[in-house]
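Each remark here refers to the structure printed beneath this line.
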Amino acid sequence: MKKLVIIGLILIVSNFAQAQEKIEWLKFEEAVAATEANPKMLFVDVYTDWCGWCKKMDKETFTDPDVIKYINENFYAVKMNAEDDKRTFDFKGKKYSEAQMAATMRVQSYPNFVIIDPTLQNITQLPGYREPIPFLDGLGQIVHNGFGAK
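First residue of the sequence shown? That's 3 in our numbering, and the numbers climb one at a time after it.
Shown next as structure tokens:
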């Protein structure tokens, strides 16, 4: 298992060395493993398939070069479908579906961005559609106000 995590981290780091053309989205359990090996905050994009504002975020905000760079440098990014009851994973000794984890994180509107500190203990939310500059401002306030500090 440790070898897989190390190989995964090497692949992630090598991707960062190349031009950052997109956000490096991981599955929730991959992000948890990565932050245990190399502590960083988790950025969880909680969405639904029917959410028009979620699609607008994907198309306009998450393709912005400054947003891509900021998220890839500061977070392990995760996409989580708040209505997916099929895909499951283990977290802190319990099995969750993506829908169960979204409910556990108290997400009630979409899009919603959940920030989890490197200890995987504390979360905060940044709800709603945002264009690139207001989105970066909101994330920056969370990061620079000490959330997730070691």
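We treat Cβ as the ideally placed atom computed from N, Cα and C, and that holds for glycine.
- Annotation: the continuous beta strand (DSSP E) that includes residue 80 extends over 77-83.
- Burial of residue 100 is indicated by the presence of at least 16 other C-beta atoms within 10 angstroms of its C-beta.
- Under a 10 Å Cβ-count criterion, residue 114 is classified as buried, with 16 or more other Cβ atoms of the shown protein chains found around its own Cβ.
- If you check the CB distance, residue 58 and residue 112 do not come in under 7 Å.
- Taking a contact as a CB-CB distance under 8 Å, the pair residue 78 and residue 33 counts as one, their CB atoms being some 4 Å apart.
- In the DSSP assignment, residue 128 falls within the unbroken beta strand (DSSP E) covering 125-129.
- Within the same chain, and ignoring the five residues on either side of residue 116 in sequence, the residues whose Cβ sits closer than 7 Å to its Cβ are 46, 48, 107, 109, 125, 127.
- Take residue 138, set aside five residues on each side of it, and the residues of its chain with a beta-carbon closer than 8 Å to its own are 68, 69, 72, in chain order.
- Of the candidates 119, 144, 85, the residue whose Cα lies closest to the Cα of residue 103 is 85.
- The C-beta of residue 135 has fewer than 16 other C-beta atoms within 10 Å across all chains shown, which makes the residue exposed.
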